[in-house]
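I have placed the structure first, in the form of structure tokens, so that the comments after it can refer back to it.
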Amino acid sequence: VLAKAFVDSKLTPLIVLTSILLGLFAVLLLPREEEPQIKVPMIDVMVSMPGFSAKEVEERATRPMEKLLWEIPGVEYVYSTSMTAQSVVIVRFKVGEDLEQSLVRLNQKLQSNFDRIPPGVSLPLVKARSIDDVPILALTFHSETYDHFDLRRLAVQVDDEVKATVDVAETSLIGGARRTVRVLFDPVRLAARNLTAAGILPILAQANKQFSSGELIAENREFLVETGAFLVTRADVESVVVGVDRGRPVYLKDVADIRDGAEELSQYVLFGKVAGADADLQEEAAVTLTIAKRPGANAITVAENVLRKIELLKGKIIPAEIEVSVTRHYGKTAEVKSNELLWHMLLAVVSVSILIAVTLGRREAGIVALAIPSTLALTLLVFYFYGFTLNRITLFALIFSIGILVDDAIVVTENIVRHLHLPGAR
Numbered sequence: 028v029l030a031k032a033f034v035d036s037k038l039t040p041l042i043v044l045t046s047i048l049l050g051l052f053a054v055l056l057l058p059r060e061e062e063p064q065i066k067v068p069m070i071d072v073m074v075s076m077p078g079f080s081a082k083e084v085e086e087r088a089t090r091p092m093e094k095l096l097w098e099i100p101g102v103e104y105v106y107s108t109s110m111t112a113q114s115v116v117i118v119r120f121k122v123g124e125d126l127e128q129s130l131v132r133l134n135q136k137l138q139s140n141f142d143r144i145p146p147g148v149s150l151p152l153v154k155a156r157s158i159d160d161v162p163i164l165a166l167t168f169h170s171e172t173y174d175h176f177d178l179r180r181l182a183v184q185v186d187d188e189v190k191a192t193v194d195v196a197e198t199s200l201i202g203g204a205r206r207t208v209r210v211l212f213d214p215v216r217l218a219a220r221n222l223t224a225a226g227i228l229p230i231l232a233q234a235n236k237q238f239s240s241g242e243l244i245a246e247n248r249e250f251l252v253e254t255g256a257f258l259v260t261r262a263d264v265e266s267v268v269v270g271v272d273r274g275r276p277v278y279l280k281d282v283a284d285i286r287d288g289a290e291e292l293s294q295y296v297l298f299g300k301v302a303g304a305d306a307d308l309q310e311e312a313a314v315t316l317t318i319a320k321r322p323g324a325n326a327i328t329v330a331e332n333v334l335r336k337i338e339l340l341k342g343k344i345i346p347a348e349i350e351v352s353v354t355r356h357y358g359k360t361a362e363v364k365s366n367e368l369l370w371h372m373l374l375a376v377v378s379v380s381i382l383i384a385v386t387l388g389r390r391e392a393g394i395v396a397l398a399i400p401s402t403l404a405l406t407l408l409v410f411y412f413y414g415f416t417l418n419r420i421t422l423f424a425l426i427f428s429i430g431i432l433v434d435d436a437i438v439v440t441e442n443i444v445r446h447l448h449l450p451g452a453r
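Residue numbers (my numbering): 28 to 453.
Structure, rendered in structure tokens:
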């Protein structure tokens, strides 16, 4: 009865056309990304133990914390790393567990056992991780003339600009040398002024702070008063008063050598280029900026917005001597795969329609040509309303379903034709 109502109804073509248009609408708006939105909560728990060896950290902090975290419901694996003065425990929950609920349970477990923290161990630092922490875009800054230190300083400025891009969740810099102001104490000059390095360190820490000291009210106007200042330049560090000798102030530069420059490199990032087939590999200093997107955001759109901003920064922040190479682009990968799926869908519809037109007739071919895209269009529309994304898993599911859908369309159409040709059929 239902099928007969649709066959005789004049609204049927309109419903089919509406389904296809809604499917095209969903294709344009569906977020596309490389990785699926799988709920696998992972939480890092970090504690510091200054002055303890890796073995002591493992025995006093890591092992007790592992046993404690195993008691949390929903935990599937616990990994740990013990190093000098630091312990990192990674807790992985079962697939499907809610991240916020898992984080609440873990925090409650830790807070209810704070009294068991051994002396010398800091309070735990908790950081949640998810699949969206995987960078979708990586930009490598490299140059023949700039060194690791200069590249890092420039990348920090670019990083500040990129963070303002819509749907950018997290960025990180890999490689390069940070700026470091090193204070090298001279034991002879310290002894001559009755000072010690241990006594100067708290003074330096106190000098590198800024406080709100209240307000002044005059003539119906209020002025906020701030005292202290952060140490920014080498001169600021040199002019810190660390003591008094014979009624005269002793500055830090009087008892130590101050060096402002790059830190010692702990990791090297190099970019290799080959000028020709027989040329040697040319290695250049490099710094890589990685960008992760917000959950549910379109990886293609986020990547394009970031790359567009990089182009605008060239000539302003990024000099001509520095090249920017895209070393990871999951947005482009997602676009290629989703476009390939749409092409396969179109190819399947055309192939099946031609086959049915040759074997059964043009009218039957037209029915199949409308049934397959309208069904897939409604499927993509449901994806959109349920908040799904086009990723490697959903794409595989759609490609797999195309075969089933094509088979069903052929079988149903052929069966209808067979019944229509039976004796007594109308």
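Cβ atoms here follow ideal geometry from the backbone N, Cα and C, with glycine treated the same way. Predicted model, so just to flag it, every value in this text is computed and none were measured.
Can you look up P63 in the DSSP assignment and give me helix, strand or coil? coil
What did DSSP end up calling M76 once you bin it into helix, strand or coil? coil
Test item: CB-CB of V122 and I65 under 8 Å: yes
When burial is assigned at 16 or more other CB atoms within 10 Å of the CB, is K320 buried or exposed? buried
Quick one: what's got a C-beta closer than 6 Å to L334's C-beta in the same chain, skipping five residues either side? none
If you measure between the beta carbons of F238 and T260, is that distance less than 8 Å? no
Run the CB neighbour count on F257, radius 10 Å, all protein chains shown included, and call it buried at 16 or more, exposed below. exposed
To which residues of the same chain is E350 closer than 7 Å at the C-beta, ignoring the five residues directly before and after it? H169, S170
What are the boundary residues of the alpha helix (DSSP H) that includes R132? 126 to 138
Between which two residues does the beta strand (DSSP E) harbouring G270 extend? 268 to 272
Measure from the alpha carbon of E311 to the alpha carbon of each residue in D174, I394, I337, then state which is nearest. D174
Nearest to S380 by CA position, among I394, A283, W370, is which residue? I394
Quick one: grab the DSSP three-state call for Q507. Because the chain here runs from 28 to 453, residue 507 falls outside it and cannot be looked at.
Span of the beta strand (DSSP E), counted from its first residue to its last, around F238: 237 to 245
Helix, strand or coil for R205 per DSSP? coil
Do V314 and L200 have their C-beta atoms closer together than 8 Å? yes
Three-state secondary structure assigned by DSSP to K300: strand
For V377 and T328, I'd like the C-alpha separation in whole angstroms. 30 Å
So for A234, helix, strand or coil by DSSP? helix
What are the boundary residues of the beta strand (DSSP E) that includes G288? 283 to 289
Of all the options A283, L251, E249, L243, which has the alpha carbon lying nearest to the alpha carbon of A262? A283
Pick from S139, F79, L449: whose alpha carbon is nearest that of L96? S139
Cβ atoms of S46 and A88: under 8 Å apart, would you say? no
Three or more C-beta pairs below 8 Å linking the region 222 to 239 and the region 188 to 199: no
Using the rule of at least 16 other Cβ atoms within 10 Å of the residue's Cβ for burial, across every protein chain shown, is S129 buried or exposed? buried
Between I318 and I163, how many whole angstroms is the CB-CB distance? I'm expecting something under 8 Å. 6 Å
Could you compute how far the alpha carbon of V148 sits from the alpha carbon of S75? 6 Å
Measuring straight from C-alpha to C-alpha, what distance separates A234 and A218? 22 Å
Please report the residue range of the alpha helix (DSSP H) in which H5 lies. As shown, the chain starts at 28 and ends at 453. That puts residue 5 outside it, with no answer to give.
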